[in-house]
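Peer 1: Note that my numbering has the sequence shown beginning at 1219, numbered continuously upward.
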Amino acid sequence: MLERIHLAVVLEVEKQGSLTGAANVLHVTQSALSHSMKKLEQQLGTDIWVREGRALRLTQAGQYLLAVANRVLPQLTLAEERLRQFSQGERGALRIGMECHPCYQWLLKVVSPYLTAWPDVDVDVKQKFQFGGIGALFAYEIDLLVTPDPLYKPGLHFEPVFDYEQVLVVPRKHALAKVKYVEPEQLMSEVLITYPVATDRLDIYNQFLLPAGITPKRHKTIETTDIMLQMVASGRGVAALPRWLVQEYASKMDVVPVRLGADGIAKQIFLGAREADLDTDYLQAFIAQAREPVASFNKGEKS
1219 MLERIHLAVV
1229 LEVEKQGSLT
1239 GAANVLHVTQ
1249 SALSHSMKKL
1259 EQQLGTDIWV
1269 REGRALRLTQ
1279 AGQYLLAVAN
1289 RVLPQLTLAE
1299 ERLRQFSQGE
1309 RGALRIGMEC
1319 HPCYQWLLKV
1329 VSPYLTAWPD
1339 VDVDVKQKFQ
1349 FGGIGALFAY
1359 EIDLLVTPDP
1369 LYKPGLHFEP
1379 VFDYEQVLVV
1389 PRKHALAKVK
1399 YVEPEQLMSE
1409 VLITYPVATD
1419 RLDIYNQFLL
1429 PAGITPKRHK
1439 TIETTDIMLQ
1449 MVASGRGVAA
1459 LPRWLVQEYA
1469 SKMDVVPVRL
1479 GADGIAKQIF
1489 LGAREADLDT
1499 DYLQAFIAQA
1509 REPVASFNKG
1519 EKS
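(1) Name the two residues that bound the continuous beta strand (DSSP E) containing M1316.
(2) Distance check for G1479 and V1473, CA to CA, integer angstroms please.
(3) If you measure between the beta carbons of T1365 and G1490, is that distance less than 8 Å?
(4) Skipping 5 residues on each side, what residues in its chain have a beta carbon closer than 7 Å to that of Q1248?
(5) State the DSSP-derived secondary structure class of H1245, mapped to helix, strand or coil.
(6) What number of angstroms, rounded off, separates the C-alpha of K1371 from the C-alpha of D1381?
(7) Exposed or buried, what is H1245 when buried is set at 16 or more other beta-carbons lying within 10 Å of its beta-carbon?
(8) Given a cut-off of 8 Å on the beta-carbon distance, is the pair L1312 and L1362 in contact?
(9) Considering only residues of the stretch 1429 to 1469, which uninterrupted beta strand (DSSP E) runs meet the minimum length of 3 residues and lie entirely inside it, listed in chain order?
(10) What whole-angstrom Cβ distance do L1410 and V1456 have, given they're in contact under 8 Å?
(11) Checking 8 Å against the spacing of the C-beta atoms, do I1223 and V1379 come in under that value?
(12) Can you confirm whether the stretch 1280 to 1296 touches the stretch 1457 to 1472 when touching is taken to mean that 3 or more C-beta pairs between the two stretches lie within less than 8 Å?
(13) Under the rule that 16 or more other beta-carbon atoms within 10 Å means buried, what is M1219, buried or exposed?
(14) Provide the residue(s) that pair with F1504 in DSSP beta bridges, ordered along the chain.
(15) Would you list, in sequence order, the uninterrupted beta strand (DSSP E) runs of no fewer than 3 residues that lie entirely inside the stretch 1224 to 1283?
(16) Please list the terminal residues of the continuous beta strand (DSSP E) segment that includes Q1323.
(17) Out of S1452, N1424, K1438, point me to the one whose CA is closest to I1432's CA.
(18) State the Cα-Cα distance for the pair Q1502 and L1496, rounded to the nearest angstrom.
(19) Among D1367, M1446, Y1500, which has the Cα closest to the Cα of D1418?
(20) Just to confirm, is the Cβ distance from L1284 to V1228 under 8 Å?
(21) Give the C-beta separation of E1383 and K1485 to the nearest angstrom, bearing in mind that I take them to be a contact with Cβ-Cβ under 8 Å.
(22) Within 10 angstroms of the Cβ of L1392, are there 16 or more other Cβ atoms? Answer buried if so, exposed if not.
(23) Rounding to the nearest angstrom, what Cα-Cα distance links A1430 and R1509 in this structure?
(24) Exposed or buried, what is A1354 when buried is set at 16 or more other beta-carbons lying within 10 Å of its beta-carbon?
(25) Expressed to the nearest angstrom, what Euclidean distance is found between the alpha-carbon atoms of D1421 and Q1234?
(26) Per DSSP, which one or two residues make a beta bridge with Q1486?
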């Protein structure tokens, strides 16, 4: 009774706003689409839409079908792609979502030896999932999620793969550059530069400033790491980044890392995956590769 085309129609009508728009996307005539859905409604004994003027509004049954479509169609698409790869002698593809701005440099050092070890697996890195990767995992848009802040949900597994320290980045000639560690009060007169992320997702706020009831003089956001560190080097502000990343840039920019608080802020990079996919050999191999120490990073963390 219920076929894939029915789910596709419900999904596309919701996206396009009309049967005509859905018919164009699905490459069928509007009359054929209408007939197919009317027949389904008769078989189900309930309406999927009600018409309000020129618009269609989903009924309770329609809303349920939409939820099913959002869950099932991506899985079918992924299954078809996997089967196509098998039929053509390909091993598969590993789609990695990034939920961590500075983790990209770390990921590059992991991907390089992995591609050498698994030449028949393609790797695709998607950065559009900044702080929205959980939904991408559930929607089968990605296979692995790189994140420093795992959100444990039924059906997902998170594996810690890399330890690091979050530090304050200051210009080499800054007054704080020589201190053993920074106290929250010392940032009251500073311009704090961060990635464009909600403050409740920023470690320097939720683990350092806010518990002390402190806010910086000004908060500025910058999208890219290079520009952020150039701003810091030129004395336009301070930033909070992983120590290993600062150590890499310190050789070419006048910036230095300083510990945040006497105990510092310890963090981990996690790889998240669907539990059902954990037996996939090339996915497990990537997680194992990610656990391998990266010499340059480890050196930086000990500095």
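Just so you know, even glycine gets a beta-carbon here, dropped at the ideal spot from N, CA and C.
Peer 2: Reading off the structure:
(1) If you number the sequence shown from 1, residue 1316 lands on position 98. Residues 1310 to 1316.
(2) Here residue 1473 is taken as the residue at index 255 of the sequence shown, counted from 1. Here residue 1479 is taken as the residue at index 261 of the sequence shown, counted from 1. So the two alpha carbons sit approximately 19 Å from each other.
(3) Against the sequence shown, residue 1365 aligns to sequence position 147. Against the sequence shown, residue 1490 aligns to sequence position 272. Yes, these two residues count as a Cβ contact at 8 Å.
(4) By 1-based counting over the sequence shown, the position of residue 1248 is 30. If we look at Q1248 and ignore the five residues flanking it on each side, its Cβ neighbours are L1237, T1238, A1241.
(5) Along the sequence shown, read from residue 1 onward, the residue named residue 1245 stands at position 27. Assigned with DSSP and collapsed to three states, H1245 falls in coil, not helix or strand.
(6) Locating residue 1371 in the sequence shown gives position 153, where the first residue counts as 1. Locating residue 1381 in the sequence shown gives position 163, where the first residue counts as 1. For K1371 and D1381, the gap between their C-alpha atoms comes out near 22 Å.
(7) As a first step, residue 1245 must be located in the sequence shown, where it is residue number 27. H1245 counts as exposed, since fewer than 16 other C-beta atoms from the protein chains shown sit within 10 angstroms of its C-beta.
(8) Counting from one through the sequence shown, the residue named residue 1312 turns up at place 94. Counting from one through the sequence shown, the residue named residue 1362 turns up at place 144. Between L1312 and L1362, the C-beta gap is smaller than 8 Å, which places the two residues in contact.
(9) The stretch 1429 to 1469 contains these whole beta strand (DSSP E) runs: 1436 to 1439, 1456 to 1460.
(10) Along the sequence shown, read from residue 1 onward, the residue named residue 1410 stands at position 192. Along the sequence shown, read from residue 1 onward, the residue named residue 1456 stands at position 238. Their Cβ separation, rounded to whole angstroms, is 6 Å, which keeps L1410 and V1456 in contact under 8 Å.
(11) Within the sequence shown, the letter at position 5 stands for residue 1223. Within the sequence shown, the letter at position 161 stands for residue 1379. With respect to the 8 Å criterion, I1223 and V1379 are not classified as neighbours on the basis of their beta carbons.
(12) Proximity of the stretch 1457 to 1472 to the stretch 1280 to 1296 falls short of the contact definition, fewer than three beta-carbon pairs being nearer than 8 Å.
(13) The count along the sequence shown starts at 1 and reaches residue 1219 at position 1. When all chains shown are included, M1219 counts as exposed.
(14) Position 286 of the sequence shown, counted from the first residue, corresponds to residue 1504. Note: F1504 sits in no beta bridge, so no partner.
(15) If one requires a minimum length of 3 residues, the beta strand (DSSP E) runs lying completely within the stretch 1224 to 1283 are 1267 to 1270, 1273 to 1276, in chain order.
(16) Within the sequence shown, residue 1323 is the residue found at index 105, counting from 1. Where Q1323 is concerned, there is no enclosing beta strand (DSSP E), although the alpha helix (DSSP H) around it starts and stops at 1321 to 1335.
(17) Position 214 of the sequence shown, counted from the first residue, corresponds to residue 1432. For I1432, the closest of S1452, N1424, K1438 by C-alpha to C-alpha distance is N1424.
(18) Taking the sequence shown and counting its residues from 1, one reaches residue 1502 at position 284. Taking the sequence shown and counting its residues from 1, one reaches residue 1496 at position 278. Distance between the alpha carbons of Q1502 and L1496 is about 7 Å.
(19) Here the question's residue 1418 lines up with position 200 in the sequence shown. Nearest option by C-alpha distance: D1367.
(20) Here residue 1284 refers to the residue found at position 66 when the sequence shown is read from its first residue. Here residue 1228 refers to the residue found at position 10 when the sequence shown is read from its first residue. In this structure, V1228 lies closer than 8 Å to L1284 by Cβ.
(21) Mapped onto the sequence shown, residue 1383 falls at position 165. Mapped onto the sequence shown, residue 1485 falls at position 267. Sure, about 7 Å apart at Cβ, within 8 Å.
(22) If you number the sequence shown from 1, residue 1392 lands on position 174. Sequence check: residue 1392 is His here, not Leu. Buried, since its Cβ has 16 or more Cβ neighbours within 10 Å.
(23) On the sequence shown, position 212 is the one that residue 1430 refers to. On the sequence shown, position 291 is the one that residue 1509 refers to. The alpha-carbon atoms of A1430 and R1509 are separated by roughly 34 Å.
(24) Here residue 1354 corresponds to residue number 136 of the sequence shown, with the count starting at 1. Burial call: buried.
(25) Stepping through the sequence shown from its first residue, residue 1421 is reached at position 203. Stepping through the sequence shown from its first residue, residue 1234 is reached at position 16. Straight-line Cα distance between these residues: approximately 40 Å.
(26) Mapped onto the sequence shown, residue 1486 falls at position 268. Answer is D1381, bridged to Q1486.
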